[in-house]
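Asker: This is the structure I have questions about; it appears just below.
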Amino acid sequence: MYAVIMAGGGGTRLHPLSRSERPKPFLPLLGPETLLQATVRRLRALTDDLTVITDRRYEPLVRDQVPDAGVLLEPMGRNTAAAIALATIALDRPDDEAMVVVPADAWINPHDEQRYGQILTGAADHLAAGACGIEDPLVTLGTRVERPATEYGYLIPRADGREEIRGLEVYPLQAFQEKPRLAQAVELGRQAGVAWNAGMFVWRRRAIRAALVRFTGLIQSLEPMADSPQMLEGAYESIKSALSIDHAVMEGAARNGQVLMAAMDVGWSDVGSWGALLAAIGARGEGSVVQAGETVQVGAQDLVVRRVAGRLGVIAPPEHGSMTAAQPIAVLRGAAADRGRIEALIERCAAVGG
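Numbering (our numbering), first residue to last: 48 to 401.
Next comes the structure, spelled out in structure tokens:
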């Protein structure tokens, strides 16, 4: 087994703590470790063969935070399909070895980390077993639906074909549903087996390569350029549609009966909004988090984030469910769940150089 960790992003989802020069994976939001460091630590228990793929802008951050991990550099961010295509080309591993692909910025409840490792190794076992009659499946991990959510994609399994190997349930996947409207999210949550898309995958290199060739032109366009940084940059610049791996490959592969969903029964968050961050704090059973360095703490329900890269970041909700985030050059306060208006504000600030 080897692991590919995707680290990058635009730095807008937890603005102003997360910025384009230091996006979310590189921040210590839920303890002394950054999200990237925690991800590497969890995977290190399963394999020593770890590679972080990242935009070349973030190479110094990656090498500083996880110096023992391998690093694969993209010329620029072009979403997860391009990142996975480049990793498939550049990492010369046996075609039948299990390849684990995860984002750098997901949170797993510390109490569930052992179970998380069992799920990943169990998913690799399903590759070898040809579960549900699928040879060389693409396995995607789905986590339990906890509420109607419009910010997550949903995984819809087929009603038949469930199998269990070593305590891990897998289902043939019927469809992906990207970020539904609220009424649809409510309905999906009522369906048995439906899960949130965690954006984590286990497959063989040959399987994802074949799928990328079939559903995208990324292998064909990137592979001839991979040995030349200048030519690779040109190939990346020519990618007109920067698609996620879900849109580019997994939706079509699911329709063709190539995808399995593994049920990930652990505490999980993508830490993709202020509300998600506060929920992760609550799941830890703590009213606040105080990290090393300069901190400010106000009240039992406050989250305190230490000074990061010269900026003081504070989330200090004066009442339940609200937050304030402050830096010397930016102050943001609002309802933790008010993600849409926060993102609109960030876009307007960026337009004027803020």
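Glycine is no exception: its CB is placed at the ideal position from the N, C-alpha and C atoms.
Only counting the same chain, and skipping five residues up and downstream in sequence, which positions put a Cβ closer than 8 angstroms to that of MET272?
Answerer: MET278, LEU279, GLY281 and ALA282
Asker: Between GLN224 and the rest of its own chain, which residues show a CB-CB distance below 7 angstroms, the 5 nearest in sequence each way excluded?
Answerer: GLY200, TYR201, ILE203 and LEU235
Asker: Which value, in whole angstroms, describes the spacing of the CA atoms of LEU61 and GLY180?
Answerer: Rounded to the nearest angstrom, the two C-alpha atoms are 42 angstroms apart.
Asker: Excluding five sequence neighbours on each side, which residues of the same chain lie with their C-beta closer than 8 angstroms to the C-beta of PHE262?
Answerer: ALA295, VAL296, GLY299 and ALA300
Asker: With a Cβ-Cβ cutoff of 8 angstroms, do LEU133 and GLN305 count as a contact?
Answerer: no
Asker: Residues in the same chain with beta-carbon distance under 7 angstroms from ALA326, minus the five sequence neighbours each way, listed in chain order, please.
Answerer: SER316
Asker: Indicate whether LEU83 and ALA151 have their beta-carbon atoms separated by less than 8 angstroms.
Answerer: yes
Asker: Near VAL260, which residues of its chain fall below 6 angstroms by C-beta distance, leaving aside the five closest residues on each side in sequence?
Answerer: ILE266
Asker: MET308 and ALA242: beta carbons closer than 8 angstroms?
Answerer: Result yes, Cβ atoms of MET308 and ALA242 sit closer than 8 angstroms.
Asker: So, is ALA323 buried or exposed, given that buried needs 16 or more other C-beta atoms within 10 angstroms?
Answerer: ALA323 counts as buried, since at least 16 other C-beta atoms from the protein chains shown sit within 10 angstroms of its C-beta.
Asker: Across which residues does DSSP place PHE223 in a beta bridge pair?
Answerer: LEU202
Asker: Determine, using beta carbons only, whether ARG162 and VAL318 come nearer to each other than 8 angstroms.
Answerer: no
Asker: State the DSSP-derived secondary structure class of GLU106, mapped to helix, strand or coil.
Answerer: helix
Asker: Three or more beta-carbon pairs under 8 angstroms between the stretch 71 to 78 and the stretch 162 to 172, yes or no?
Answerer: no
Asker: Go through its chain and collect everything with a Cβ distance to LEU290's Cβ below 7 angstroms, but skip five positions before and after it.
Answerer: Same-chain partners within the cutoff: ASN126 and ALA128.
Asker: Which residue spans inside the stretch 92 to 177 form an unbroken beta strand (DSSP E) run of at least 3?
Answerer: 97 to 102, 117 to 121 and 145 to 150
Asker: Compute the Euclidean distance between the alpha carbons of LEU108 and SER67, then round it to the nearest angstrom.
Answerer: 13 angstroms
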